[in-house]
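Residue numbering for the sequence shown follows my numbering, beginning at 19 and increasing consecutively.
Yeah, the Cβ is synthetic: ideal placement off N, Cα and C, and Gly gets one too.
Please read the structure below before turning to the comments.
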Amino acid sequence: MTNLEELVQEINRFEAIISEWDESQRCVAVGLKRAIEALHKAALTNLIKSLKQESMPALRHAVADELVYAVLLYHELVKPPKPPLSQRIQTALEEVRPGLKSHNGDVELVAIKSPDTVEVRLIGTCSSCPDSTLTLSQGVEQAIKNHCPEITKVVAVNSSPTVNNANSSLISPFSAKITSTWIKVATIDQVPEFSVLAVQLAGTSLILHRQGVTVKSYRNACTHLGSPLEKGKVENGIITCPAHGFQYKLETGKCLTVPDVSLQSYPVKVKDDKVFVKLQK
């Protein structure tokens, strides 16, 4: 029996039999297996060292054999072949895509520029988000570098927004006025001191927090990957993002996890126990 598939099937058949044994019997079998594997790995390691010193062509020829390669790979004595760079980049983007899509955002590969640069485009809400730089560096860039160590630069390419004239009639002529008007969002009693209140204002999700009679309003999105903050734990005036643990001081919106980053804030005024927020263009 020299076919790799047949040999593996035979091993799997015996492993299935052993799995039906009681625990003490399985422990003996597993111990024997590990001892034999350790012996084989030590012998193969010495063999590879000798071949490297005497004949690299002979070593390459041996590793080209399917059976030899499979055994060396099992013992971690050779590295598995890397998928193409483009495939690894797409795998990295798929890792961060669910988090971006949960907030109507996405990312796409634009170009691979040898030897070490990748261009991507943040799309959807990610393209206009004020924290898109952090999204790129903390999320997209890190994922790409984890899968592709040879990549040292990840650059975000901006795309100019296009206007769909066919839908222009759907845009209210009063939309500009809405974003510059004070709008009542709650009463002061509804705004908690030991948590936050989530409200919707002109299609934007905000969080409100009260300290005495002072109310603060911030965009309901972590600066990391835009995760909602409304369910975050508030302790000592600090809110912790429930998704990735980023922390923010609710008095100022400043991020305590990453320096020089803050939540997007909105003007607030309180009049006759009513809380008004102003969205700015």
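- Contact between residue 214 and residue 233 is ruled out by a C-beta separation of about 11 Å, above the 8 Å threshold.
- Scanning 265, 219 and 82 for the CA closest to the CA of residue 253 turns up 265.
- If only complete runs of 3 or more residues are kept, the segment 34-71 shows no beta strand (DSSP E) anywhere.
- The C-beta separation of residue 279 from residue 224 comes to about 18 Å, leaving the pair out of contact by the 8 Å criterion.
- DSSP, reduced to helix, strand and coil, places residue 204 within a strand of the structure shown.
- Between residue 284 and residue 235, the C-beta spacing is below 7 Å.
- For residue 171, the secondary structure class from DSSP, reduced to helix, strand or coil, is strand.
- By the Cβ-count criterion, residue 250 is buried, with 16 or more other Cβ atoms from all chains shown falling within 10 Å of its own Cβ.
- Residue 130 and residue 103 have their alpha carbons spaced roughly 9 Å apart.
- The three-state reading of DSSP puts residue 295 in strand, counting E and B together.
- Look at residue 274 here: in three-state DSSP terms it is coil, with no helix or strand label.
- Per DSSP, residue 222 lies in no alpha helix (DSSP H); the unbroken beta strand (DSSP E) holding it starts and ends at 222-229.
- Here DSSP, grouped into helix, strand and coil, assigns residue 263 to coil.
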